[in-house]
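Student: Residue numbers (the working numbering): 258 to 796. Ideal Cβ placement from N, Cα and C applies to all residues, glycine included. The structure follows.
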Amino acid sequence: MNLLDKAFSAIAPVHAVKRAAARKTLSLINSGYGNYGANQTKKSMRGWIFQGGSSKEDIEDNIDTLRQRSRDAYMGIPIAAAALKTMRTNVIAGGLIPAPQIDADYLGLSSEQAEALQAQIVREFDLWADTSACDAAGIDNFYSLQQLAFLNYLMNGDAIALLPMKEAGSPYSLQIHLIESDRVCSPDGYDRLVPCQVRGYPVYRIVQGIETDETGAVTAYWIRSHHPLASDANVSWNDEWTRVEAAGTESGRHNILHIMNRERADQLRGVPLLAPVLESLKQHGRYMDAETMAAFISTCFTAFITSEQASNEKPLGEMIPPDELIDDADPTSIEMGQGAVVALPPGLKVQLADPKHPNSGCDVFSAVMIRQIGAALEIPPEVLTKQFNTSFSASRGALNEFWRTCGMLRDWFVQDFCQPVYEEWLAEAVARGRIPAPGFFADPAIRKAYTGCVWNGPSRTALNPVQEAQAAVLRVNAGFSTAQEETAQMTGGDYTRNIRQRIIEAKLKQEVDKINHPIVTAPSEKDDPEDKKEGENHA
258 MNLLDKAFSA IAPVHAVKRA AARKTLSLIN SGYGNYGANQ TKKSMRGWIF QGGSSKEDIE
318 DNIDTLRQRS RDAYMGIPIA AAALKTMRTN VIAGGLIPAP QIDADYLGLS SEQAEALQAQ
378 IVREFDLWAD TSACDAAGID NFYSLQQLAF LNYLMNGDAI ALLPMKEAGS PYSLQIHLIE
438 SDRVCSPDGY DRLVPCQVRG YPVYRIVQGI ETDETGAVTA YWIRSHHPLA SDANVSWNDE
498 WTRVEAAGTE SGRHNILHIM NRERADQLRG VPLLAPVLES LKQHGRYMDA ETMAAFISTC
558 FTAFITSEQA SNEKPLGEMI PPDELIDDAD PTSIEMGQGA VVALPPGLKV QLADPKHPNS
618 GCDVFSAVMI RQIGAALEIP PEVLTKQFNT SFSASRGALN EFWRTCGMLR DWFVQDFCQP
678 VYEEWLAEAV ARGRIPAPGF FADPAIRKAY TGCVWNGPSR TALNPVQEAQ AAVLRVNAGF
738 STAQEETAQM TGGDYTRNIR QRIIEAKLKQ EVDKINHPIV TAPSEKDDPE DKKEGENHA
């Protein structure tokens, strides 16, 4: 055995031991998810670039870019605008309408007393909500503010509503001041993750303008006086931050409402609805722009003149008389006439452009992209594109699935915005003596009994209204549902109001029927003149 063989024979056992140890280590690592989603040895997984962090690193540190890209997609990509508007229309529509549901049993009220009190609450709430006095900007009523707040949540990830008190010529001073979520940001542009002093206030932690205490509870919001992306040159050095406590220290009243749907624990800022599909939306928008441009070019007659020698002269001679030229002022323009025959100089040839569009695979590719985007956003493609070309059962299934999504978002929006605003308004109405509610401020349980409310929104789309109505009647008769619930789902209305209105309409109809078809009473026998005359003759 030569020297080289001896060296390899000495090294081989060492490598064998190392390989055995490596296999044993891999066998321990690649167990459970280590064999699949967490595997780092397969070629298919080694190319997966990933980097995880807390909710701050993954969400708050990226929120500015996500907001701006989401708004840009809404303004320039049709499918993105369709997704947000479809959600807004089906969740909010013209606005969610309150239907008070006070706990009459707990309050010791009869059904008649409860009904009268609920009707009075509705009248007073309409006095405030139906006018622009409820808007700090003096533009929208409460129902339009719902649309704006919900659309801002979808587009920006969250929406911020201040609840100032201001006399504005209305019986109530409560107002809603919506501000764009970008204005809630940390002073001077950076977060504080340790206890410190911020502009004279001792704070424990600030992330993206939201201040929390040592337990993680939100204590205050820092609001910038101007939008951080404003182009005004005077904004930067005049900008100030206002610290607004989340709730009153003594009263517990809401000073600010943060409309947000969290997806991770410890999350402080919301994620735009389009965030998971921004890349797909941008690619789809670029593809459709390219297809549109290619289709437009294919409608134009385009010719390329190839020459063996460079020249600044026109490659074609004009075949139209000078007095008939349309664009004679442009020396580079070549105009073509009907039936013109043009002779090319030696060395020139004509090649016509043939872009082969429209592309037959465009619809298929676009449909696939829309299905993926719709699945991520929980919007069926039939609803997203407003095209119900499939079977009746498939369209019905798509609408039912979408209705679950809308119901979930509606319940969440009511909890974050509508119900808190309603409770603050009702507290002012009771304090002003416009709504009688004994014990409202004395006992939280009594206050809860008075503030019970159901919010009705747009009705579910019905492909077969007759079957839907019959099914609703069966559910009510069997006790599976109530007339109030079915009315809200089918028409978005209120059953009690409907019954009250039907009574009024029935009385009016009776009055109209009396006018159009007067009842003629036949004379009785005792009043018959002939009978009376005959009786006199007998006498």
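State yes or no: is the C-beta of L538 nearer than 7 Å to some heavy atom of the ligand MG?
Tutor: Although the ligand MG was asked about, the structure shown includes no ligands whatsoever.
Student: Which one or two residues does DSSP pair with D392 in a beta bridge?
Tutor: DSSP output for D392 lists I433 as bridge partner(s).
Student: Taking the C-alpha atoms as reference points, what is the distance between D585 and C619?
Tutor: If I take the Cα positions, the gap works out to 40 Å.
Student: Mapping the DSSP letters down to three states, classify K764 as helix, strand or coil.
Tutor: Residue state, collapsed to three classes: helix.
Student: Would E536 be called buried (16 or more neighbouring beta carbons within 10 Å of its own) or exposed?
Tutor: By the neighbour-count rule (16 or more Cβ atoms within 10 Å), E536 is not buried but exposed.
Student: Between G352, C663, M412 and D668, which has its C-alpha nearest A338's C-alpha?
Tutor: Here the closest residue by C-alpha is M412.
Student: Would you mind stating whether S530 and L405 have Cβ atoms separated by less than 8 Å?
Tutor: According to the sequence provided, residue 530 is Leu. The question's Ser does not apply to it. Cβ atoms of L530 and L405: not closer than 8 Å.
Student: Let me check understanding here. Comparing Cα to Cα, which of K539, Q724 and D580 lies closest to R326?
Tutor: Here the closest residue by C-alpha is K539.
Student: From what residue to what residue does the beta strand (DSSP E) around P722 run?
Tutor: Run containing P722: none in the beta strand (DSSP E); it sits in the alpha helix (DSSP H), P722 to A735.
Student: Where does R667 land, buried or exposed, given buried means 16+ other C-beta within 10 angstroms?
Tutor: The residue is buried, with at least 16 neighbouring Cβ atoms inside 10 Å.
Student: Do you know how far the Cα of G690 is from the Cα of I636?
Tutor: Rounded to whole angstroms, I636 to G690 spans 46 Å at the Cα level.
Student: With DSSP as the reference, please indicate the residues paired to N713 in a beta bridge.
Tutor: Per DSSP, I354.
Student: Can you round the beta-carbon distance between W385 and W682 to whole angstroms, since I take them to be within the 8 Å contact cut?
Tutor: Confirmed, Cβ separation roughly 6 Å.
Student: List, from N- to C-terminal side, the alpha helix (DSSP H) runs of 4 residues or more that fit wholly inside the segment 644-699.
Tutor: Runs found: 649-670 and 676-688.
Student: Name the two residues that bound the continuous beta strand (DSSP E) containing H515.
Tutor: Element bounds for H515: I513 to M517.
Student: How is Y290 classed by DSSP in three states: helix, strand or coil?
Tutor: Helix, per DSSP.
Student: Taking DSSP's pairing of strands, which residues face M422 in a bridge?
Tutor: Note: M422 sits in a beta bridge opposite L431.
Student: Would G333 and G542 be called neighbours here (beta carbons separated by less than 8 Å)?
Tutor: Cβ distance < 8 Å, so G333 and G542 count as in contact.
Student: If I measure Cβ to Cβ from G294 and keep anything under 6 Å in the same chain, skipping five residues before and after, which residues do I get?
Tutor: The answer is none, since no qualifying residue turns up.
Student: Is the Cβ-Cβ distance between P444 and W479 less than 8 Å?
Tutor: Yes, these two residues count as a Cβ contact at 8 Å.
Student: Quick check on the DSSP output: the alpha helix (DSSP H) that includes Y363 runs from which residue to which?
Tutor: Counting along the chain, the alpha helix (DSSP H) containing Y363 begins and ends at A361 to L364.
Student: Nearest CA to the CA of E437: which residue from S389, K423, V455 and G527?
Tutor: Comparing Cα positions, the closest option is G527.
Student: Taking contact to mean 3 or more Cβ pairs, one atom from each stretch, closer than 8 Å, check whether the segment 314-328 and the segment 511-526 are in contact.
Tutor: The segment 314-328 is in contact with the segment 511-526.
Student: Any contact of the segment 341-353 with the segment 450-461, i.e. 3+ C-beta pairs under 8 Å?
Tutor: The segment 341-353, when compared against the segment 450-461, does not touch it at the 8 Å Cβ threshold.
Student: Expressed to the nearest angstrom, what Euclidean distance is found between the alpha-carbon atoms of L450 and G505?
Tutor: If I take the Cα positions, the gap works out to 25 Å.
Student: Label M517 either buried or exposed according to how many other C-beta atoms from any shown protein chain fall within 10 Å of its C-beta, with 16 as the threshold for buried.
Tutor: Burial call: buried.
Student: Alpha carbon to alpha carbon, how far is V625 from A376? Give it in angstroms, no decimals.
Tutor: Between A376 and V625, the C-alpha separation is close to 51 Å.
Student: Return the CA-CA distance between R661 and A632, expressed in angstroms with no decimal places.
Tutor: Distance between the alpha carbons of R661 and A632 is about 14 Å.
Student: Which class does T499 belong to by DSSP, given the choice of helix, strand or coil?
Tutor: Reduced to three states, the DSSP call for T499 is strand.
Student: For T708, name the three-state secondary structure that DSSP assigns.
Tutor: If DSSP states are grouped into helix, strand and coil, T708 belongs with coil.
Student: In chain order, which continuous runs of the beta strand (DSSP E) of length 3 or greater are located wholly inside the segment 509-555?
Tutor: Complete beta strand (DSSP E) runs here, min 3: 513-517.
Student: With three or more C-beta pairs closer than 8 Å as the rule, is the segment 735-746 touching the segment 362-376?
Tutor: No, they do not touch.
Student: Let me make sure I understand the geometry here. Which of A350, F307 and K299 has the alpha-carbon closest to that of T748?
Tutor: Nearest option by C-alpha distance: A350.
Student: Just the Cα atoms here: how many angstroms apart are P603 and A547?
Tutor: So the two alpha carbons sit approximately 37 Å from each other.
Student: Specify, as a first and last residue, the run of the beta strand (DSSP E) that Q454 falls within.
Tutor: Residues C453 to V455.
Student: From which residue to which residue does the alpha helix (DSSP H) around T322 run?
Tutor: Here the alpha helix (DSSP H) through T322 covers I320 to G333.
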